[in-house]
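Asker:
Residue numbers (full-length UniProt numbering): 1 to 613.
#1: Pop quiz: residue 188 and residue 516 are said to be a contact at Cβ under 8 Å. What is the actual Cβ separation, rounded to whole angstroms?
#2: How many Å lie between residue 41 and residue 49 at the Cα?
#3: When the Cα of residue 639 is compared with those of 487, 565 and 554, which residue comes out closest?
#4: Counting Cβ pairs, one atom from each stretch, are 3 or more of them under 8 Å apart for the region 486-506 and the region 537-554?
#5: I believe residue 541 touches residue 430 by the beta-carbon criterion, under 8 Å. Please report the beta-carbon distance rounded to the nearest angstrom.
#6: Distance, Cα to Cα, residue 412 vs residue 148?
#7: From which residue to which residue does the beta strand (DSSP E) around residue 429 run?
#8: Once you ignore the five residues that flank residue 192 on each side, which residues in its own chain have a CB closer than 8 Å to its CB?
#9: With residue 178 and residue 553 assumed to form a contact (beta carbons below 8 Å), what rounded beta-carbon distance in angstroms separates them?
#10: Between the C-alpha atoms of residue 472 and residue 418, what's the straight-line distance to the nearest angstrom?
#11: Quick one: grab the DSSP three-state call for residue 165.
#12: With distance defined between alpha-carbon atoms, name the residue in 132, 410, 125 and 573 nearest to residue 377.
#13: Distance, Cα to Cα, residue 610 vs residue 596?
#14: Helix, strand or coil for residue 591 per DSSP?
#15: Mind the definition here: the region 210-222 touches the region 79-93 only if three or more C-beta pairs lie below 8 Å; say whether that holds.
#16: Rounded to whole angstroms, what's the CA-CA distance from residue 607 to residue 424? Just pull it up for me.
#17: Which two residues bound the contiguous beta strand (DSSP E) that contains residue 223?
#18: So what does DSSP say about residue 361, is it helix, strand or coil?
#19: Mind pulling the alpha helix (DSSP H) runs of 4 or more residues that sit fully within the region 509-576?
#20: Between the Cα of residue 152 and those of 127, 175, 135 and 144, spot the shortest distance and give me the residue it belongs to.
#21: Excluding the 5 residues flanking residue 200 on each side, which residues of the same chain have their C-beta closer than 8 Å to its C-beta?
#22: On the DSSP bridge list, what partners appear for residue 180?
#23: Alpha carbon to alpha carbon, what distance is there between residue 232 and residue 121?
#24: Going by alpha carbons, who is nearest to residue 119 out of 134, 156, 99 and 129?
#25: Can you give me the C-alpha to C-alpha distance between residue 631 and residue 479, rounded to a whole angstrom?
#26: Would you kindly work out how many angstroms separate the C-alpha atoms of residue 535 and residue 379, rounded to a whole number?
#27: Less than 8 Å between the C-beta atoms of residue 394 and residue 560, yes or no?
#28: According to DSSP, is residue 415 part of a helix, a strand, or is it coil?
#29: Return the CA-CA distance between residue 19 and residue 150, expressed in angstroms with no decimal places.
#30: Quick check on DSSP: helix, strand or coil for residue 383?
#31: Which residues bound the alpha helix (DSSP H) around residue 616?
#32: Looking at the secondary structure, which residues open and close the alpha helix (DSSP H) in which residue 502 lies?
#33: For my contact list, residue 549 and residue 508 are in at a C-beta cut-off of 8 Å; report their separation, rounded to the angstrom.
#34: Would you please verify whether the beta carbon of residue 217 is less than 8 Å from any beta carbon of chain D?
#35: CA-CA distance, residue 101 and residue 203?
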């Protein structure tokens with residue numbers, strides 16, 4: 001087996017606005033990276049590259065974010081990179097975690113609500129200090145959550161070539177340049193200006209038991225490019241030791257703090273590359289080959305590939321994972337999940353939504369239903385099963401202590417390039433897959449020609465076009481794809497694409513603030529429909545219906561919509577499913593649609609729903 005061939009240390013440049021150091025001084029940062037080209041034999045032997053790296057590099061991580069393109073071949077998506085960011089004890093000296101929860105209680109003034117919000121920053125370092133100081137500003141009644149995000153991105157990142165490299169600098173770059181990465185929950189809608197100032201605002205909105213945002217500030221990352229078969233190790237070091245003077249950045253007995261940071265980051269890159277090389281030489285001991293599915297406490301579930309996985313892979317793309325069927329030997333009783341709203345209750349909610357539409361309050365309601373079941377004993381193994389059953393371009397696994405998020409999202413919310421090019425890809429319109437080719441093609445034709453589904457999709461396209469126009473250059477917003485059809489392992493979807501160019505002075509945080517939550521999960525008009533949903537749904541959506549992804553130090557961003565997602569802690573596991581309700585929706589067909597959308601999650605856990613008749 002050929003070993004992985006290391007490349008020299010490289011430094012890449014990222015363009016970010018120069019910060020105003022009005023809160024605390026942050027040394028100029030210098031990105032360092034080292035890349036390894038992967039042999040085709042090693043990729044083939046590993047069977048599942050991203051899980052293998054997670055288990056080898058961060059086997060006991062209590063905080064981690066894995067953005068996982070398990071669908072690595074697709075005619076519809078350009079997504080080819082997976083990102084692994086460690087937190088907790090595996091974070092670097094500049095890294096930290098941030099969790100945020102909206103204040104409880106009834107409605108109150110914007111300033112009071114923002115000042116009562118809860119924040120927890122775990123970690124030290126210059127950027128963490130600046131974020132903490134911005135949180136104190138928010139608690140004093142000035143600004144809000146998005147200002148905290150901005151504080152974490154106002155870092156001066158050097159644009160120099162690597163003085164450590166004996167080779168010419170690599171011309172390619174990674175999509176993620178370090179920065180914020182994690183999950184944004186649906187209830188962050190309460191930070192929207194339109195929601196906060198609406199005259200019809202809900203007096204006592206639901207609050208989630210989960211954090212409304214769970215983020216890592218990444219100073220380290222492992223990035224896997226599936227196209228080039230390259231692993232890149234990326235870390236931030238300090239580029240300006242001369243700044244330490246009056247600031248007193250020293251560590252007794254170990255030299256200056258800046259020198260310590262740099263040495264620590266270089267050591268991590270070197271050690272991690274050595275582990276990657278050792279994996280390339282230990283074909284028989286790849287951790288993912290031992291993977292099993294996870295279910296409830298003290299049980300395990302055997303791995304079973306999707307019945308039509310070969311055919312699904314041919315039409316939907318090739319997953320970056322091989323089924324570890326042979327590893328599992330135990331059979332467990334199926335997990336049982338139950339919906340908040342049973343068949344009768346969900347039909348009644350659909351009919352209420354249609355009455356709101358008839359009365360002129362809204363014209364599309366994205367109604368959802370939450371299923372709840374037992375806690376998972378091994379969420380990571382459950383995620384490995386999910387990515388096998390349902391390969392997607394925007395899968396993810398997040399762990400923040402006892403909180404785990406397992407996502408198989410096919411939907412991009414927003415992407416922003418470092419040059420300010422914005423793209424949104426809303427999904428509206430769903431049909432099931434079939435193992436029979438003729439039936440499968442019939443479902444595709446039906447979706448493509450459905451006036452109802454096209455109308456649903458068009459309404460959300462118009463909503464997102466309006467959202468983006470508020471932060472885009474005048475005349476730059478364009479619908480580049482309308483009613484495209486994309487196929488995945490369990491469903492066909494109707495997908496459109498809206499693009500724009502950011503206006504001068506606007507950033508990816510501005511785009512997130514103006515467009516969150518994604519219109520495909522609310523309906524239209526957005527603000528009034530979200531208020532109506534509070535009366536139609538029986539709980540907060542939590543992390544479901546929000547977004548998962550990253551905001552980079554170079555101004556770029558990439559976020560998925562949090563759908564097809566399991567959220568689990570020590571008490572329970574939940575997932576949400578839903579659909580767009582319009583005036584001519586058939587309530588029974590809408591019920592059947594949410595069962596189709598739940599199928600991949602249930603199959604991954606070998607679980608079942610309670611009474612669904």
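A virtual CB, placed ideally from N, CA and C, is assigned to each residue, including glycine.
Note that this is a predicted model, so its numbers are computed, not measured.
Answerer: Looking at the atomic coordinates:
#1: 6 Å
#2: Because residue 41 carries a pLDDT of 47, less than 50, the predicted location of this residue cannot be relied on, and no value is offered for it.
#3: The chain is shown from 1 up to 613; residue 639 falls before or after that span and cannot be answered.
#4: no
#5: That pair is no contact at about 19 Å.
#6: C-alpha separation (whole angstroms): 24 Å.
#7: 427-432
#8: 513, 516 and 527
#9: 6 Å
#10: 14 Å
#11: With a pLDDT of only 30 at residue 165, under 50, the local geometry of the prediction cannot be trusted, and the value read off the model is given with reservation. DSSP places residue 165 in coil when its eight states are reduced to three.
#12: 573
#13: 15 Å
#14: helix
#15: yes
#16: 33 Å
#17: 220-225
#18: coil
#19: 526-536
#20: Check the Cα spacing between residue 152 and each of 127, 175, 135 and 144: the tightest is with 127.
#21: 528 and 531
#22: DSSP links residue 180 through a beta bridge to 217 and 551.
#23: Rounded to whole angstroms, residue 121 to residue 232 spans 28 Å at the Cα level.
#24: Closest by alpha carbon: 99.
#25: An answer regarding residue 631 cannot be provided, because it is not within the stretch 1 to 613 covered by the chain.
#26: 32 Å
#27: yes
#28: strand
#29: Annotation note: pLDDT 31 at residue 19 (below 50); position unreliable, coordinate value reported separately. Between residue 19 and residue 150, the C-alpha separation is close to 10 Å.
#30: Helix, per DSSP.
#31: This structure cannot settle anything about residue 616, because the visible part of the chain is limited to 1 through 613.
#32: Taken as a continuous stretch (DSSP letters only), residue 502 belongs to no alpha helix (DSSP H), as it is neither H nor E.
#33: So it is not a contact: roughly 10 Å between Cβ atoms.
#34: In the structure shown, chain D cannot be found, because there is only a single protein chain.
#35: So the alpha carbons of these two residues sit roughly 18 Å apart.
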